[in-house]
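By numbering that gives the first Met the number 0, the letter at position 37 of the sequence shown is numbered 36, and the numbering carries on one by one without gaps.
Below: one structure, written as structure tokens.
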Amino acid sequence: MPIFEGNFNGENLKVGIVIARFNELITSKLLSGAIDNLLRHGVKEEDIDIYWVPGAFEIPFITKKLVDNHKYDGIITLGAVIRGATTHYELVTNEVAKGVAHIGLTSDIPVLFGVLTTETIEQALER
Numbered sequence: 000m001p002i003f004e005g006n007f008n009g010e011n012l013k014v015g016i017v018i019a020r021f022n023e024l025i026t027s028k029l030l031s032g033a034i035d036n037l038l039r040h041g042v043k044e045e046d047i048d049i050y051w052v053p054g055a056f057e058i059p060f061i062t063k064k065l066v067d068n069h070k071y072d073g074i075i076t077l078g079a080v081i082r083g084a085t086t087h088y089e090l091v092t093n094e095v096a097k098g099v100a101h102i103g104l105t106s107d108i109p110v111l112f113g114v115l116t117t118e119t120i121e122q123a124l125e126r
């Protein structure tokens, strides 16, 4: 039985990271983890560009712009949406997930979804 596994070699790759500033206590940790993994897999620090956006809802818009400019070999999206007392959570999480998925499916480069959606801040910190 054939088994197919990926092997990530980041040498000579240029990566864009789109990250939400809202819930920065969480997103800054996601960013540190993403950068650490990229560096460990051979991506040079100078080949990583970081784009801060106000919140998760803005992630798809900037991601699409970055994909369209053909500067990057891949885009990583990072954010944290934590449920509150209103239906805003469902709106934001659904639209961000759909937007990033659509961009990834219609793009010729990988677009990774790293947006946490949790019920509480404690859950977000655990992840």
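All C-beta atoms, glycine included, are put in the ideal place defined by N, C-alpha and C.
Predicted model, so just to flag it, every value in this text is computed and none were measured.
**OP:** Buried or exposed for I58, please, with buried defined as at least 16 other CB atoms from any protein chain shown within 10 angstroms of its CB.
**Re:** buried
Original post:
By Cβ distance below 7 Å, which residues in the same chain neighbour G129 in space, the five residues on each side in sequence not counted?
Top reply: There is no way to answer for residue 129, as the model of the chain reaches only from 0 to 126.
Subject >> Where T116 falls, given that 16 or more other Cβ within 10 Å makes a residue buried >> reply: buried
**OP:** Measure the alpha-carbon distance for F3 versus L12 and round it to whole angstroms.
**Re:** Looking at the two C-alpha atoms, the distance is approximately 22 Å.
**OP:** Using the Cα positions of G15 and A96, report the straight-line distance between them to the nearest angstrom.
**Re:** Distance between the alpha carbons of G15 and A96 is about 18 Å.
Subject >> Own chain partners of L65 with C-beta closer than 8 Å, once the 5 adjacent residues on each side are dropped >> reply: G15, V17, Y50, Y71 and I74
Original post:
Based on Cα-Cα distance, which residue from T119, G103 and M0 lies nearest to A79?
Top reply: T119
Subject >> Alpha-carbon to alpha-carbon, T85 and T76 >> reply: 24 Å
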